[in-house]
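Worksheet: one structure, shown below.
Number of protein chains: 2
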Amino acid sequence: MSATCGHAEDPSHPIMIAEIIAAGSEMLTPHRQDTNSLFLTAQLNDLGVEVAFKTIVGDSLEHLADAARTALRRTDIIVFSGGLGPTEDDLTREAVASALDIGLHRDAEILASLYKRFAARQMAMPRNNVKQADILDGATVLVNPVGSAPGQMLDTSVDGYRKLVLLLPGPPRELKPLFTDVVKPLLAEILPPRFIARRLLRMPLIPESQVDARTAPIYQQYTDVQTTILAGHGEIQLHFFTSSTVLSEAQARVDELASRVEAEMQDAVFSAQGESLEEVVLLMLEMRHLTLAAAESCTGGLLGQRLTAVPNSSRAFLGGAIVYTPELKTRFADVPEEMIERHGAVSPEVSRALAEGIRKRTGASLGISITGLAGPNGGPPGPDEERPIGLVYIGLSDDRDTQVKELNLNGDREYIRWWASQHALDLLRRTLL
Amino acid sequence: MSATCGHAEDPSHPIMIAEIIAAGSEMLTPHRQDTNSLFLTAQLNDLGVEVAFKTIVGDSLEHLADAARTALRRTDIIVFSGGLGPTEDDLTREAVASALDIGLHRDAEILASLYKRFAARQMAMPRNNVKQADILDGATVLVNPVGSAPGQMLDTSVDGYRKLVLLLPGPPRELKPLFTDVVKPLLAEILPPRFIARRLLRMPLIPESQVDARTAPIYQQYTDVQTTILAGHGEIQLHFFTSSTVLSEAQARVDELASRVEAEMQDAVFSAQGESLEEVVLLMLEMRHLTLAAAESCTGGLLGQRLTAVPNSSRAFLGGAIVYTPELKTRFADVPEEMIERHGAVSPEVSRALAEGIRKRTGASLGISITGLAGPNGGPPGPDEERPIGLVYIGLSDDRDTQVKELNLNGDREYIRWWASQHALDLLRRTLL
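Quick mapping for you: the protein sequence lines, in order, are chains A and B.
FYI, in numbering that gives the first Met the number 0 the residues of the first sequence are 0 to 432.
FYI, in numbering that gives the first Met the number 0 the residues of the second sequence are 0 to 432.
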């Protein structure tokens, strides 16, 4: 599914390692993930810090203090998110104080601002809320421009080792601006200067093993660049990341590696700067002054939804029809009734007629069609009845020619629909190349 | 964003607690989350086990062994996922052996089956792969029906406390069947019998604070039921969970709580058994022998995509048109050109005409329309130019009447489009009630 190789490490400056601790019992249910840690990891990487551990812990003082002690023992920078609210379950402050064996003091200025916040809304402040003014002895207050709980940063030492402890609020809309605007500049002053560079190459519809076999001989030569291969949703991503004390050096290294990998993979690479497949297709259409319309059967609007998720997609995408029934295939894309009866809706004939029909009906330069069996049930009585689930036809029509591509996809309904839309976009991309 | 309250604990049987450890450096990049832990948490909960910690650790022997030692100290059941492959980075076996200070032995039977696996593909087995036959001394081999790496379970004790250690492969397609088919029956024999019951109530388009204010007085009375409130994507979910040594008791408790909450929230609850809003709407249409067609402008196919993601949606959803340009609004839904010119596309008039037009064009019993400004850029020159981003009209037409609902949404493009589709579905639901 994925692999990471190499270390973005400069031997002259040993990397500081961090542990991210997310506090909240709801993240220990089957229903919710920690989501802050991806953002925090990117931010810490930007500062030249590697994340070595992530821990998720519930709202228990004992467990939180254990997590804090464990992280203080094994990492340099400890970033807590969550547990700074006013309720009895908000215990991060107390847990960190206990782990470090230090006190908490009630900050008069924060207390005043809490009272002011409630007064401005003409509400009495509940008694509980005063604990949001509790600050670790020696910590710097990180003023939270969005919510009521301030963050805290403590620069301390344990057994002679320097430790940076950050307490951040849990809601992403509070955590993100606080980190970007307040924490990052503070850390940048404390940590040794380090510049980072990233590149992202994206490839659709190609097996991970093939990408790895062809690119590993290249990226393994760049031991100073961290290469991560991710596979999923009909796409392979190659992430390159390095850090250096010299910005231009870092950028040159990832650019060189990215260029060599691109030269190897050629037109399998649809994006050399991280753009999505939808964005690439829309840009190509726009640059060629072409417009597109779609007739979707089994994807039911997924292709249109993906294209229109991109801002300004209306410059190239006109819309089209969701032709989920045989009648609508005839009504919106002029597919002859008897063609559907004779060949079935999941046939190269109907795929071709749909692509041509939607193009003519809308006046678009290109018409694309998707018709297939997404399952879990088979086709309706008639020619489609015996066809296998996963059989999909993509039609692409312009004013000279119509091509039809047959797919045999293997997966559940969601998988088949997604891959069908992915194949449609890639057929467009390759045709427009 | 979310809260959890109560403990699914029966005081006569203290709950065993677990730590889930995901091994893999790619999960410490900004690009990839651990995904197995949600599945594993649900499975462990089913067995009456609470997850107290989740840890994500990279492919480092030192860090993995530290994570293992930490988990052995603070929890009863330790579940590793990942790090059982054949590469140098696959170090979970070695790390656990080191943390427990026990040996590994090479299992002859597994070794033979590995050689057989490669022979069957007429490939020589790379030398590295033999380490997949390394088993912790005293562990039970968990035969993996899908991949080459077997799982392992060790029932041991540390400082007089019983510890269960599970080593599972990382790929979900291997981990899931192995847990369900092999691990779960084994654990069920070892652990005290315990029955669990769950219920899920879902409510669309209602603020979390309002749900919490109205339901907390009820669910707080059920201290034996764990209640988790999740908010997101235009929906509030109330998850109820309890475990007991008597199945009927557990079910009765969550059913009673769910009924009382439902009585309080009334028709805000669209799903009392966890069904999605799409499923509920399609079921209501089918039960009333009605059909639906959609004309989508700013959502560009999202509504159709959501409806057709449900198997058998074609029984009630016919399809419709993605009318992204003014021309297609006229061409596919017969909206008069001069109406669009005079009122703009984002107007109650066009919304109404679109809903009526698509209904008549398709012969559906109901026609629904979505037209709005999703941003980030404003409307085109003309009447839409001065309208605010987030303004959306939903039209719903049947053979007697057409209603138009105005929304003023506040968020980015993705948010506005999603909420617009959510409002459209809920308008359908409330109309069909």
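Even for Gly, the Cβ is constructed at its ideal location relative to N, Cα and C.
What you are looking at is a predicted structure, and each value in this text was computed from that prediction instead of being measured.
- What T40(B) touches in chain A, judged by beta-carbon distance under 8 Å, is L27, T28 and P29, going in chain order.
- Counting only Cβ-Cβ distances below 8 Å, S313(A) has contacts in chain B at Y323 and T324, in chain order.
- Here A249(A) has F194, I195, A196, T241, S242 and S243 as same chain residues with Cβ atoms under 7 Å from its own Cβ, once five neighbours each way along the sequence are excluded.
- When the alpha-carbon of L426(B) is set against those of L83(B), S112(B) and P203(B), the nearest one is in P203(B).
- Within 10 angstroms of the beta-carbon of I228(B) lie 16 or more other beta-carbons, which makes it buried.
- Per DSSP, the continuous alpha helix (DSSP H) segment holding N35(A) begins and ends at N35 to D45.
- Boundaries of the beta strand (DSSP E) harbouring R198(A): F194 to P203, taken from the DSSP string.
- Against chain A, a Cβ distance below 9 Å from P382(B) picks out nothing, because the smallest value is about 17 Å.
- Closest option to I20(B), judged by alpha-carbon separation, among A66(B), S59(B) and L60(B): A66(B).
- In the DSSP assignment, the residues bridged to M15(B) are V48(B).
- DSSP lists I195(A) as the beta-bridge partner residues of S242(A).
- Relative to A138(B), the option among S396(B), R105(B) and P325(B) whose CA is nearest is R105(B).
- Measuring C-alpha to C-alpha distances from E384(A) to each of L284(A), D400(A), L372(A) and L395(A) identifies L372(A) as the nearest.
- At least one CB of chain A lies nearer than 7 Å to the CB of D65(B).
- Under the Cβ distance rule, P125(A) does not count among the residues neighbouring chain B, no pair being separated by less than 7 Å.
- For T54(A), at least one C-beta of chain B is nearer than 7 Å to its own C-beta.
- If you check each beta-carbon in the region 212 to 226 of chain A against every beta-carbon of chain B, the ones closer than 9 Å belong to Q225.
- The alpha carbon of I109(A) has as its nearest neighbour, out of I101(A), M122(A) and N128(A), the alpha carbon of N128(A).
- The C-beta of L256(B) comes no closer than 7 Å to any C-beta of chain A.
- For F331(A), the enclosing alpha helix (DSSP H) starts and ends at P325 to A332.
- Separation of T214(A) and L432(A) (C-alpha to C-alpha, rounded to the nearest whole angstrom) is 23 Å.
- Contact between the region 46 to 64 of chain A and the region 48 to 55 of chain B is present: 3 or more CB-CB pairs across the two stretches fall below 8 Å.
- Runs of the beta strand (DSSP E) spanning 3 or more residues and lying entirely within the region 119 to 183 of chain B occur at 133 to 135, 139 to 141, 150 to 157 and 160 to 167, in chain order.
- At a cut-off of 7 Å between beta-carbon atoms, Q121(A) makes no contact with chain B.
- For the region 283 to 353 of chain A, the continuous beta strand (DSSP E) assignments of 3+ residues that do not extend past its boundaries occur at 291 to 295 and 316 to 322, in sequence order.
- Note that the C-beta distance between S350(A) and G319(A) is not below 7 Å.
- For H232(B), no chain A residue has a C-beta closer than 7 Å to its own C-beta; the minimum C-beta separation is roughly 13 Å.
- Taking 7 Å as the CB threshold, V253(A) stays off the interface with chain B.
- Within the model, the alpha-carbon separation for D211(A) versus D254(A) is close to 19 Å.
- Q304(A) has a beta carbon lying within less than 7 Å of a beta carbon in chain B.
- For I388(B), the three-state secondary structure derived from DSSP is coil.
- Assignment of T91(A) by DSSP, reduced to helix, strand and coil, places it in the helix class.
- Cα atoms of P325(B) and A344(B): separation of roughly 7 Å, rounded to the nearest angstrom.
- Excluding residues up to 5 positions away in sequence, R429 and L432 lie with their Cβ nearer than 8 Å to the Cβ of D266(B) in the same chain.
- Under the three-state reduction of DSSP output, F117(B) falls in the helix class.
- In the three-state reduction of the DSSP assignment, I235(A) falls in the strand class, which pools E and B.
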